[in-house]
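A quick write-up on the structure given underneath.
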Amino acid sequence: MAKKTFHGSCHCGAVAFEAKIDFDEGTTRCNCSICTKSRFWFAIVGPEDFKVEKGEDQLSDYTWIPPGKSEAHLHYRFCKTCGVRTFAEGNGGTFYAVAIATLDGIEQDADQLVKSLKYNDGRHDDLKHAPADTRLL
24 MAKKTFHGSC HCGAVAFEAK IDFDEGTTRC NCSICTKSRF WFAIVGPEDF
74 KVEKGEDQLS DYTWIPPGKS EAHLHYRFCK TCGVRTFAEG NGGTFYAVAI
124 ATLDGIEQDA DQLVKSLKYN DGRHDDLKHA PADTRLL
């Protein structure tokens with residue numbers, strides 16, 4: 024599958040974005056504390072494949088420094104009105120983790136999404152292996 028253009032938004036529609044995603048490159052669920060709390064399922068895209076189309080001024084930012092790290096490497100961006108996290112911005116904009124649940128019309132790609140799913144053991148800072156238990160991710 025080549026990159027496909029998706030439009031996405033928060034629940035109230037104040038924030039809208041466009042992302043070009045190739046599901047053959049995989050989607051991820053992680054077991055670090057912040058991903059577990061929000062059940063964050065995401066696809067990574069480069070800055071050339073992501074743009075906020077509406078509501079940049081409606082985005083709030085949450086940064087978190089994981090245990091054992093000296094600085095935050097992700098900025099979790101969410102709508103100030105409805106609270107939906109639409110994406111995370113990594114390493115100063117070198118990549119975006121786009122929330123799968125915020126993509127419009129994603130149902131037609133459900134089979135490809137499920138096949139592309141991988142798991143990260145973020146809780147143990149091991150992004151190359153799946154955690155032992157993935158049932159609640």
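First residue of the sequence shown? That's 24 in the numbering used here, and the numbers climb one at a time after it.
We put the beta carbon where it would ideally sit given N, CA and C, even for glycine.
Worksheet item: Per the contact definition of three or more C-beta pairs closer than 8 Å, is the region 95-114 in contact with the region 29-37?
Response: yes
Worksheet item: Can you give, in chain order, each stretch of the beta strand (DSSP E) that sits fully within the region 78-136 and has at least 3 residues?
Response: 82-86, 97-102, 108-113 and 118-122
Discussion item. Does the contact criterion of 3 or more C-beta pairs under 8 Å hold for the region 37-52 versus the region 105-115?
Written reply: yes
Worksheet item: In the structure shown, what three-state DSSP assignment does R158 receive?
Response: coil
Practice prompt. Would you mind stating whether D144 and F46 have Cβ atoms separated by less than 8 Å?
Written response: no
Worksheet entry | Of the listed residues K92, V75 and L97, nearest to Y85 (C-alpha basis) | L97
Worksheet item: Going by other Cβ atoms of all chains shown within 10 Å of its Cβ, with 16 needed for buried, is N114 buried or exposed?
Response: exposed
Worksheet item: In the structure shown, what three-state DSSP assignment does R146 receive?
Response: helix
Item to complete: Return the first residue and the last residue of the beta strand (DSSP E) that C53 is part of.
Response: T50 to C53
Worksheet entry | Contacts around A95, its chain only, beta-carbon distance under 7 Å, and the 5 residues preceding and following it disregarded | T86, W87 and I88
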